[in-house]
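So the mapping is simple: my numbering equals the position in the sequence shown, first residue as 1, plus 27. Working notes for the structure below.
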Amino acid sequence: MDKSSMSISRNNINSEKINIHLLNYIDSNVIIFSLIGFLLSRTILIGSIAPLGIAFFLGISKVERYRIPIFISTIIGVISSGNSIPYILKYIICLFIFMIISNKIKNINSYLKLSFIGAFIIFPISLGQVILSNKYLYDILLCSMEAIITFISIYIFSFGINLITNINNRISVRVEESIALSFIAIFSIIGIGNIEILGVSIQTVLATVLILITCIIGGATMGASSGVVVGIAFLVNNISSAIYMGIYSVAGLVGGTLNKLGKYFSILGYVLSWAMVYAYTSGIESNIHQIRDMLIASLIVVILPNKIFNKIEKLLK
Numbered sequence: 028m029d030k031s032s033m034s035i036s037r038n039n040i041n042s043e044k045i046n047i048h049l050l051n052y053i054d055s056n057v058i059i060f061s062l063i064g065f066l067l068s069r070t071i072l073i074g075s076i077a078p079l080g081i082a083f084f085l086g087i088s089k090v091e092r093y094r095i096p097i098f099i100s101t102i103i104g105v106i107s108s109g110n111s112i113p114y115i116l117k118y119i120i121c122l123f124i125f126m127i128i129s130n131k132i133k134n135i136n137s138y139l140k141l142s143f144i145g146a147f148i149i150f151p152i153s154l155g156q157v158i159l160s161n162k163y164l165y166d167i168l169l170c171s172m173e174a175i176i177t178f179i180s181i182y183i184f185s186f187g188i189n190l191i192t193n194i195n196n197r198i199s200v201r202v203e204e205s206i207a208l209s210f211i212a213i214f215s216i217i218g219i220g221n222i223e224i225l226g227v228s229i230q231t232v233l234a235t236v237l238i239l240i241t242c243i244i245g246g247a248t249m250g251a252s253s254g255v256v257v258g259i260a261f262l263v264n265n266i267s268s269a270i271y272m273g274i275y276s277v278a279g280l281v282g283g284t285l286n287k288l289g290k291y292f293s294i295l296g297y298v299l300s301w302a303m304v305y306a307y308t309s310g311i312e313s314n315i316h317q318i319r320d321m322l323i324a325s326l327i328v329v330i331l332p333n334k335i336f337n338k339i340e341k342l343l344k
């Protein structure tokens with residue numbers, strides 16, 4: 028064998044090793060977490076506050092294999108969020124700081140300590156932004172609110188992250204972990220933005236699908252809880268009024284109560300209770316588009332194969 032053929036064979040072996048290494052590095056969890064980091068960093072809450080992406084990154088940065096992919100996807104999400112330049116720069120600075128300290132915090136097992144670290148880092152940066160921008164007392168209050176939201180988000184997200192990363196080693200799932208997954212899922216849906224297809228709101232459809240699946244699998248408690256989570260997410264994102272929190276919660280409660288009768292009765296209970304409460308509070312003709320989107324979501328859940336429900340049930344129970 029001549030030198031050129033030996034060189035080619037070595038290159039082929041090296042390229043195969045690189046491909047195998049990449050395949051081992053990029054698994055389904057990496058893709059899921061990267062997508063979540065991207066969407067959460069695009070979720071803008073009150074004003075221009077959008078700390079959910081960096082909160083999620085701090086929680087996931089303890090796991091080394093996820094650190095770089097989620098760091099990149101979160102930065103891309105922050106840049107593409109449409110937020111104002113000062114806030115984009117602030118969150119990018121926070122991400123770099125979290126990246127720098129990630130090796131030091133990986134041994135911190137307390138979600139409470141991790142949440143305090145995130146809040147104490149973002150607060151002085153936000154305060155400095157306010158001072159440099161010559162803003163008013165209201166903006167200082169927003170800084171405090173942002174630090175509190177960051178603290179709560181890190182604490183809640185950590186439960187969901189721990190569940191997904193250790194799902195194969197779990198016998199049962201705690202209630203707070205299921206609720207944390209609901210928070211992550213719904214705020215990721217919010218991060219999609221106001222995308223409509225033929226006038227149908229993708230956010231509303233996906234949020235309703237989430238509640239219905241939770242009703243069918245988790246019953247009344249989880250159905251009502253996911254309804255409250257969706258209502259809160261829509262409220263803080265100015266998508267809907269506070270009344271929807273009650274509508275989604277009641278519909279989730281009724282739909283979950285009927286889950287023992289099968290998914291069709293659960294969906295029917297959700298749709299009827301949603302329509303009744305909505306008609307009583309707002310008038311059935313006030314926003315017919317909401318009802319249309321709900322019915323589309325119900326149809327999607329009806330045609331979903333049972334194996335999807337089985338996989339989600341394995342994750343949540």
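Ideal Cβ placement from N, Cα and C applies to all residues, glycine included.
*Alpha carbon to alpha carbon, what distance is there between N136 and L49?*
With a pLDDT of only 49 at L49, under the threshold of 50, the placement of this residue in the model should not be trusted; the figure read from the coordinates follows. Distance between the alpha carbons of L49 and N136: 29 Å.
*When you compare only the Cα positions, how much space is there between S171 and I188?*
25 Å
*Given I240 as reference, the closest of T231, I335, L262 once Cα atoms are compared*: I335
*Tell me whether L49 sits in a helix, a strand or coil according to DSSP, three-state version.*
Residue placement at L49 is flagged as unreliable, the pLDDT there being 49, under the threshold of 50; the coordinate-derived value follows with that caveat. In this structure, L49 counts as helix in the three-state DSSP scheme.
_Suppose you measure from the CA of S185 to the CA of A207; what does that come to, to the nearest Å?_
8 Å
*asked:* Report the CB separation of V304 from A278 in whole angstroms; it is logged as a contact under 8 Å.
replied: Taking the Cβ atoms as the reference, V304 lies roughly 7 Å from A278, within the contact range of under 8 Å.
_So, at 6 Å on beta carbons, what are the nonlocal neighbours of L154 in its own chain, with the 5 sequence-adjacent residues on each side left out?_
These residues qualify, in order along the chain: C170.
*Is it right to say A260 is buried, meaning 16 or more other beta carbons lie within 10 angstroms of its own, or is it exposed?*
By the 10 Å Cβ count, A260 comes out buried.
_Three Cβ pairs or more, each shorter than 8 Å: is that satisfied between the region 101-110 and the region 69-88?_
At 8 Å Cβ cutoff, the stretches touch.
*CB A324 to CB T235, shorter than 7 Å?*
yes
_According to DSSP, residues forming a beta bridge with V105_ = V105 pairs with nothing; no bridge assigned.
*Going along the chain, which residues of its own chain have a beta-carbon closer than 7 Å to the beta-carbon of L347, five neighbours each way excluded?*
Because the chain in this structure spans residues 28 to 344, residue 347 falls outside the shown range and cannot be described.
_As assigned by DSSP and simplified to three states, the class of I135_ = coil
*Determine, using beta carbons only, whether F84 and F125 come nearer to each other than 7 Å.*
Contact check for F84 against F125 passes: the beta carbons are separated by less than 7 Å.
*Is DSSP giving I335 helix, strand or coil here?*
Assigned with DSSP and collapsed to three states, I335 falls in helix.
*When the Cα of I175 is compared with those of I158, E91, S142, C242, which residue comes out closest?*
S142
*In three-state terms, what does DSSP make of I73?*
In this structure, I73 counts as coil in the three-state DSSP scheme.
_On the DSSP letters alone, give me the boundaries of the alpha helix (DSSP H) that N189 sits inside._
164-192
*DSSP state of I224, grouped into three classes?*
If DSSP states are grouped into helix, strand and coil, I224 belongs with the strands.
*Closest by C-alpha distance to L116, when choosing among L295, F178, S75, Q317*: Its Cα nearest to that of L116, the residue S75 stands out among L295, F178, S75, Q317.
*CB I97 to CB S61, shorter than 7 Å?*
yes
_Rounded separation between F178 and Q156 - CA only_ = 19 Å
*Name the two residues that bound the continuous alpha helix (DSSP H) containing S61.*
55-68
*In three-state terms, what does DSSP make of G289?*
coil
*Same chain only: Cβ atoms within 7 Å of C121, ignoring 5 sequence neighbours per side*: Taken in chain order, the residues that qualify are I81, I148, I149, I152.
*What is the DSSP secondary structure of P78, counted as helix, strand or coil?*
coil
*Looking at the structure shown, is I219 part of a helix, part of a strand, or coil, going by DSSP?*
coil
*Using three-state DSSP, classify K89 as helix, strand or coil.*
coil
*Look at the alpha carbon of I327 and the alpha carbon of A306, and state the distance between them as a whole number of angstroms.*
23 Å
*Helix or strand or just coil, what does DSSP make of S153?*
helix
*Taking the alpha carbon of P113 as the point to measure from, which residue in V298, F123, S160 has its own alpha carbon closest?*
Closest by alpha carbon: S160.
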